[in-house]
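Residue numbering for the sequence shown follows full-length UniProt numbering, starting at 1 and increasing by one per position. The structure under discussion appears below in the form of structure tokens.
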Amino acid sequence: MFSSTTNIHTHSQIIYSFTVLVCCCFYFCSAKDSITTGESINDGFNYLESPQKKFQMGFFPHEITSEVRRYVGIWYTMDPKTVVWVANRDKPVLDSTGVFTVKEDGNAVVVNKNGIGYFSTMTPTEGAPLRVLKLQDTGNAVLMDVASGNTLWESFKTPTDTFLPGMKMDGDIKLTSWKTVDDPGSGNYEFQTEPGTNRYSILNGSTTYLWKSGNMSRDSFDENQIYSKAFNLLSNSTTQNRTKIFTRKNGTKIVLNGTQSETYMVIEPYSRFVMSYLGNIQFFSWPKSKSKWVLDWQEPKDKCSVYRVCGPFGMCTQNNGSLCSCMAGFERISPVDTTAGCKRTSEICQRSTTKDTFLNVTNISMDDTTLPLYPAKNESVCMKKCLDDCHCQAYSFRSQNEGGIRDEGRDAKQGCWFWNSEPNNLKESGSHTISFRISESSKEPSFTTPSAIPKPDNKSSSRGRVFAFAIAGSALILSSLCGISYCLYKRLGNRRKIDQQSLEIQSSNMQRRMNELLHLDHSKEDDREGIDVPYFELESIIAATDDFAEKNRLGQGGFGPVYKGILPGGQEIAVKRLSSLSGQGLQEFKNEVILIAKLQHRNLVRLLGYCVSGDEKMLLYEFLQNRSLDLFIFDPTLCTSLDWAMRFNIIMGIARGLNYLHHDSRLRIIHRDLKTSNILLDEDMNPKISDFGLARIVHGKDMEAVTNRVVGTL
């Protein structure tokens, strides 16, 4: 009897303990969408998840450096998990004991085990009411008073680098870039609304403009209007508060606030507006058909989009070697600094000595202007008004329905724009004609018309006839010589043209072969589409490396020479340039681009971008201050600085990187050329494996592979 009772009690205790364990596991492993006063999110244990599972909120790491850095953030749940907001971006928790909780005073805070604070919502604490922090399906974290339902704080009012649907870009709200692609700390670039306007700008630092948007107005001269979907998003437009689309004559569209139901924009359910750490403002969407983030638009999109890159009266052109040039009647202010712009060769408004005229330049555009449209019946009105005002620098005339924006179903206004200050941001691409005021003395001379030549009198008619015959004979001889010269020139020109076409065909074929190589069928379709590495223009790399100056040369590898460079934002990079004498080639280039783009680990070197331009093929990596491991090991002096603790840390780092390549990455990768010169060291002597040109993918659960050639370094 005793034995039976004991067994019953034992079974009851086991069932009770199991029930408690299951409940505890369910509590800690299941995600809620909110926490109330006294509840918390613990680093590594739990997180918040929005009702429809679009967003999650919790702790995430920064794994680039050896030290622990933990942040509280909000991210999209789709793979890859994209962080859209960070609470303690400039004050990370330096261990794994962090807690995100709603304190008794009603504030949401981030603290560690010692109670040190890293973030607080800083709301009033009178009365210490019961409060709840809830993660909504919009990605907004909201702190509310439970009794009244009033919102006391929300993450949408304090964004970091990302703008989401439902947010509103008003007041002092701005987006601040991350420091790097992996460091969420406050970076150098800010995106903001221009006060009192519907224009936007990017600042590099607190005062230097990097880019400005156009004026979103039907009568605006600007062609640099912000992307319509992005403007719709920034205007906080929804299907209930729709906006109206206006169409340019060239077919591009912009969006304005409106109430008429004509044509309306539909925003993708997943979209984001990001201030990139490289200085670009970017708009991403997630189309259902592609199931990945797609970059729809970004600014500055090229060098000519950078604010005042060529200075006043400077013309920016992307198609030739020189980015900035001066128009006829203008000259450079500085022979070295192109941003200084251009000046007139002769002063204007000198009515006592010379008259003014206009230089008409067609098919150009100009950003950064909020000029009003002055009504005018014809262009003569514009010209006269400008000439009567010594402050007028230029004008542009728009006839009805031409050169600007037309409202669907309604004609645009006709008139002129006037510039009373020096025009900036001129680009040799656009739909406008601008008339620049210049002095007649600086305008190129024109030939005199026959009617303006004085007729000879009767007294000198005989002498005139002799003179005429002499002129006619000379003209005949000259025309014959010109004809012969023209035939020779034409023949030589045709030969040059054929040679040039041959060179262009060779260049085109080379580019085509490169593109085919970069899209070989040896890789799966999703491998090719998964290359999420920025493409850099050759000109930007030349500028970053000072035209591959010898002083910036870091060394020589099997791929080719390596140069140090500095991007416009100040970020240091290492540029690997494929050499024609390299033992490696295009296949190794393709390997690096495709493989490293998919690899993310703190002990692997990070690929920042690539460039393919004609014969030039380059890879851009993060710059590591301490170069490669072989410099320390084989140098009698430097090797003494490697104590056992440092050597052990390097060994463990390499082992972690290899373990990731062999077991933990999406692709099982064999490096095949691991050596000390391919182990790079950052400023803290943390190792990073580099040079994946000879790497090999082992598919599935295969434990071995067959190679047809000897590879590696002897």
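Glycine is no exception: its CB is placed at the ideal position from the N, C-alpha and C atoms.
task: Taking V93 as part of the beta strand (DSSP E), name the residues at either end of that continuous run.
output: Working through the sequence shown from its first residue, we reach residue 93 at position 93. Segment: none, V93 is in no beta strand (DSSP E) and carries neither H nor E.
task: Quick one: grab the DSSP three-state call for F246.
output: By 1-based counting over the sequence shown, the position of residue 246 is 246. The predicted position of F246 is uncertain, since its pLDDT is 42 and thus under 50; a value taken from the coordinates is nonetheless stated next. Three-state result, F246: strand.
query: Between M169, T123 and D95, which lies nearest to I116 when the distance is taken from Cα to Cα?
result: Locating residue 116 in the sequence shown gives position 116, where the first residue counts as 1. For the residues M169, T123 and D95, the minimum Cα distance to I116 belongs to D95.
message: By DSSP's criteria, F119 is part of a beta bridge. Which residues make up the other side?
response: Within the sequence shown, the letter at position 119 stands for residue 119. Bridge partners of F119: V110.
field: Same chain only: Cβ atoms within 7 Å of L164, ignoring 5 sequence neighbours per side
entry: Start at 1 with the first residue of the sequence shown, and residue 164 comes out as number 164. For L164, where only same-chain residues beyond five positions count, the Cβ hits under 7 Å are V84, T138, G139 and R272.
- request: Provide the residue(s) that pair with I173 in DSSP beta bridges, ordered along the chain.
  value: Counting from 1 along the sequence shown, the entry for residue 173 is found at position 173. Its beta-bridge partners do not exist; DSSP assigns none.
query: So is I484 buried or exposed if we call it buried at 16+ other beta carbons inside 10 Å?
result: What you label residue 484 is simply residue 484 of the sequence shown in a count that begins at 1. With fewer than 16 other CB atoms across the displayed protein chains lying within 10 angstroms of its CB, I484 is exposed.
query: Going by beta carbon distance, what residues of the same chain come within less than 7 Å of F623, once the five residues before and after it are set aside?
result: Position 623 of the sequence shown holds residue 623. Within the same chain, F623 has close Cβ partners K564, E572, I573 and A574.
Rounded C-alpha distance that separates S431 from G569: Locating residue 431 in the sequence shown gives position 431, where the first residue counts as 1. Locating residue 569 in the sequence shown gives position 569, where the first residue counts as 1. A straight-line Cα-Cα distance of about 32 Å links S431 and G569.
query: Is DSSP giving Y47 helix, strand or coil here?
result: For the purposes of this step, residue 47 is taken as residue 47 along the sequence shown, with counting starting at 1. It is coil, neither helix nor strand.
- prompt: For K427, which option in L143, C392 and T362 has the closest C-alpha, if you only look at C-alpha atoms?
  reply: Sequence index remark: in the sequence shown, residue 427 carries index 427 (1-based). Checked all of L143, C392 and T362; the closest Cα to K427 is T362.
task: Would you list the one or two residues that DSSP bridges to D356?
output: On the sequence shown, position 356 is the one that residue 356 refers to. Answer is S439.
query: Which residues in the same chain as C390 place their Cβ atom closer than 8 Å to its Cβ, once the five residues preceding and following it in sequence are excluded?
result: As a working note, residue 390 is residue 390 in the sequence shown. The answer, listed in chain order, is I348 and C349.
- prompt: Ordered along the chain, which non-local residues of its own chain (more than five positions away) have a Cβ less than 7 Å from that of Y47?
  reply: The count along the sequence shown starts at 1 and reaches residue 47 at position 47. Hits under 7 Å: A31, I41, Q56, M57 and G58.
query: My guess is that I689 and L554 are in contact by the Cβ rule of under 8 Å, so how many angstroms apart are they, rounded?
result: Residue mapping note: residue 689 aligns to position 689 of the sequence shown, counting from 1. Residue mapping note: residue 554 aligns to position 554 of the sequence shown, counting from 1. Actually they do not touch by this definition, with Cβ atoms about 17 Å apart.
- prompt: Should I477 be labelled buried (16 or more other beta-carbon atoms within 10 Å of its own) or exposed?
  reply: By 1-based counting over the sequence shown, the position of residue 477 is 477. Looking at its Cβ environment, which holds fewer than 16 other Cβ atoms inside 10 Å, I477 is exposed.
field: Candidates M169, S396, K81 and S289, of which the one nearest D182 by Cα
entry: Within the sequence shown, residue 182 is the residue found at index 182, counting from 1. Of M169, S396, K81 and S289, the smallest CA-CA separation from D182 is found for K81.
- prompt: Whole-angstrom Cβ separation of Y118 and N88, contact assumed at under 8 Å?
  reply: What you label residue 118 is simply residue 118 of the sequence shown in a count that begins at 1. What you label residue 88 is simply residue 88 of the sequence shown in a count that begins at 1. Correct: roughly 4 Å between the Cβ atoms.
- prompt: Would a check of beta-carbon distances place R351 closer than 7 Å to chain D?
  reply: The question asks about chain D, but that chain is absent: this structure has only one protein chain.
Complete alpha helix (DSSP H) runs within the region 635-699 (minimum length 4 residues, chain order): Runs of alpha helix (DSSP H) with 4 or more residues, each lying fully within the region 635-699, are found at 644-659, listed in chain order.
query: Nearest to N280 by alpha carbon, out of L567, P92, R131 and L658?
result: Here residue 280 corresponds to residue number 280 of the sequence shown, with the count starting at 1. Considering only alpha carbons, the answer is L567.
Residues that DSSP places opposite W286 in a beta bridge: Reading the sequence shown from its first residue, position 286 is the one you call residue 286. For W286, which the question treats as bridged, DSSP gives no partner whatsoever.
message: Quick check on the DSSP output: what are the complete beta strand (DSSP E) runs of length 3 or more inside the region 293-335, in order along the chain?
response: Entirely contained in the region 293-335, the beta strand (DSSP E) runs reaching 3 residues are, in chain order, 294-299, 314-316, 324-326 and 330-332.
field: For M383, three-class secondary structure by DSSP
entry: Taking the first residue of the sequence shown as position 1, residue 383 is located at position 383. M383 carries a helical assignment under DSSP once its states are collapsed to helix, strand and coil.
- request: Classify E537 as helix, strand or coil using the three-state DSSP reduction.
  value: Numbered from 1 along the sequence shown, position 537 holds the residue referred to as residue 537. Secondary structure of E537 (DSSP, three-state): coil.
Whole-angstrom C-beta distance between V274 and Q282, which should lie under 8 Å: Sequence index remark: in the sequence shown, residue 282 carries index 282 (1-based). Sequence index remark: in the sequence shown, residue 274 carries index 274 (1-based). Under the criterion of beta carbons closer than 8 Å, Q282 and V274 qualify as touching, at roughly 5 Å.
message: So for K212, helix, strand or coil by DSSP?
response: Position 212 of the sequence shown holds residue 212. The answer is strand: DSSP assigns K212 an E or B state.
message: I'd like to check one pair, D43 with S186: are the Cβ atoms closer than 7 Å?
response: Your numbering for residue 186 matches position 186 in the sequence shown. Your numbering for residue 43 matches position 43 in the sequence shown. Cβ atoms of S186 and D43: not closer than 7 Å.
query: Among the residues of its own chain, which have a CB less than 6 Å from the CB of S396, if the five just before and after it don't count?
result: One-based indexing of the sequence shown puts residue 396 at position 396. The beta carbon of S396 is closer than 6 Å to those of W417, H432 and I434 in its chain, skipping five residues each way along the sequence.
- request: Would you mind sorting Y621 into buried or exposed? The rule is 16 or more other CB atoms within 10 Å of its CB.
  value: Within the sequence shown, residue 621 is the residue found at index 621, counting from 1. Residue environment: Y621 is assigned as buried (16 or more neighbouring CB atoms within 10 Å of its CB, all protein chains considered).
task: Check the DSSP bridge columns for D615 and list the partner residues they point to.
output: Start at 1 with the first residue of the sequence shown, and residue 615 comes out as number 615. According to DSSP, residue pairing for D615 in a beta bridge does not occur.
field: Residue interval of the alpha helix (DSSP H) (run including D145)
entry: As a first step, residue 145 must be located in the sequence shown, where it is residue number 145. Unbroken run through D145 is the beta strand (DSSP E), A141 to D145; no alpha helix (DSSP H).
message: In the DSSP assignment, the alpha helix (DSSP H) including I633 goes from what residue to what residue?
response: Numbered from its first residue, the sequence shown carries residue 633 at position 633. Here the alpha helix (DSSP H) through I633 covers L629 to I633.
- prompt: Skipping 5 residues on each side, what residues in its chain have a beta carbon closer than 8 Å to that of D457?
  reply: Locating residue 457 in the sequence shown gives position 457, where the first residue counts as 1. Caution is warranted here: a pLDDT of 39 is assigned to D457, below 50, making its placement in the model unreliable, and no coordinate value can be reported.
query: Just to confirm, are S439 and D388 a CB contact at a threshold of 7 Å?
result: For the purposes of this step, residue 439 is taken as the residue at position 439 of the sequence shown. For the purposes of this step, residue 388 is taken as the residue at position 388 of the sequence shown. Note that the C-beta distance between S439 and D388 is not below 7 Å.
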